[in-house]
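Only one structure is covered here, and it is reproduced in the block below.
Residue numbers (the numbering used here): 12 to 422.
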């Protein structure tokens, strides 16, 4: 048996959730992991889908899915878990992995980045001590080994053909999987025709959302984080373009005052800028202004980007609270979790910041149970459609979470 974290109590109160209560068969796979109500429901719907029940798909959509499966009998089925940032996706897939390997099946977990593969390996290994776990990435020592559970970077999909019963694709909206027909095709071919592709995303691409809206893609939403507080909704700040700000060496008062407030409350501060060329000028400006404006406080301000050879070390120092303000690009929009953090997105009207990027960057705040109401600011001269859509998406998830009874009382 896998090593679990406790027993989940199923307290779903709404009528639709009561109808979704797990059978004793599925409880075997849900109970060891200590899942929240929202996580447990998502895992349950995933279990039902890979078992062929398709519980959350309406009758007309169910007929379409069945007809499409009959036409494309050589293709695995797909199921989307649309979970907000910080919802605990890894924990949600544990029951699905457990269900598959307990029946002698093989599982592949594909994720865009090597660092995530290395982070997942010990977690999966501890959870499934009775099963072999292999990690695959460029230069991996296990590249010739086979495991019951394989954790791999997305490009490793190209190595396999109909080898797995369950294929979990993490961050389907991220490079290199997003907009890559070759990897999309590989994801289908790596799975056995009788198997299932589980797609994970906090910000599904437009085509995927459209398939959900048209009821062509079976799915479940997880609209709340494990701590059951609403997602922080970004606040808009009107400021001049960042290029003008760094050129004039004048920090807009509206941004600076909020930045000082964040630092004074003990938050780690992400400052996102749209391109690498703005990182160091922004670091210099912030060092000068913060040292002058907070003379009694010693602050460490650093910057990093995809071209920074010391990026890993700086991120670790930031996590350790040895760096207080980190100026960065979208390279850190995913995968970096800091318990108490606020987020400032400068030039939020940049064309480089689409809706998904804005939601992901905003998702760095409020992830901790001790600081669930972190602050997020969109600082820009203009209010773009991407900003509006990002805010709309965050508010929509909060509404769904409130309606489904997942938020703490009064939130």
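Positions of the beta carbon are idealized from the N, C-alpha and C atoms, including for glycine. Keep in mind it's a predicted model, so treat the numbers as computed, not measured.
The residue from 92, 41, 376, 332 with its alpha-carbon nearest to that of residue 208 is 92. Per DSSP, residue 334 is not a residue of any beta strand (DSSP E), being assigned neither H nor E. In this structure the segment 134 to 142 does not lie against the segment 168 to 187, because fewer than three pairs of beta carbons, one per stretch, are closer than 8 Å.
In the DSSP assignment, residue 279 falls within the beta strand (DSSP E) that extends over 279 to 283.
Taking C-beta atoms under 8 Å as the contact rule, residue 145 and residue 233 fail to qualify, at a distance of about 28 Å. For the options 129, 59, 141, 140, the alpha carbon positioned closest to that of residue 150 is the one of 129.
With a contact defined as Cβ atoms closer than 8 Å, residue 210 and residue 89 qualify at about 6 Å. Looking at the DSSP output, residue 232 bridges to 93. Short of 8 Å from the beta carbon of residue 230, and not among the five residues preceding or following it, lie these beta carbons of its own chain, in chain order: 67, 90, 91, 92, 93, 223.
Of the candidates 338, 360, 300, 300 places its Cα closest to the Cα of residue 259.
Less than 8 Å divides the Cβ of residue 270 from the Cβ of residue 280. Three or more beta-carbon pairs separated by less than 8 Å are not found between the segment 401 to 413 and the segment 99 to 115, which leaves the two stretches without contact. Taking the C-beta atoms as reference points, residue 266 is found nearer than 8 Å to residue 390.
In the three-state reduction of the DSSP assignment, residue 57 falls in the helix class, which pools H, G and I. Bounds of any beta strand (DSSP E) do not take in residue 42, whose DSSP letter is neither H nor E.
In the three-state reduction of the DSSP assignment, residue 136 falls in the helix class. Cβ atoms of residue 322 and residue 348 stay farther apart than 8 Å, at about 16 Å. With 16 or more neighbouring CB atoms inside 10 Å of its own CB, residue 56 falls in the buried class.
In this structure residue 320 is exposed. Its beta-carbon is surrounded by fewer than 16 other beta-carbon atoms within 10 angstroms. For the set 372, 386, 364, the Cα lying nearest the Cα of residue 397 is the one of 364. Residue 313 is bridged by DSSP to 337. By the Cβ rule, the segment 188 to 207 does not count as touching the segment 311 to 318, because fewer than three pairs are nearer than 8 Å. According to the DSSP assignment, residue 164 belongs to the beta strand (DSSP E) that extends over 160 to 164. Ranked by Cα distance from residue 139, the options 155, 147, 161 are led by 161. Comparing C-alpha distances from residue 142 to each of 262, 331, 335, 117 shows the shortest one belongs to 117.
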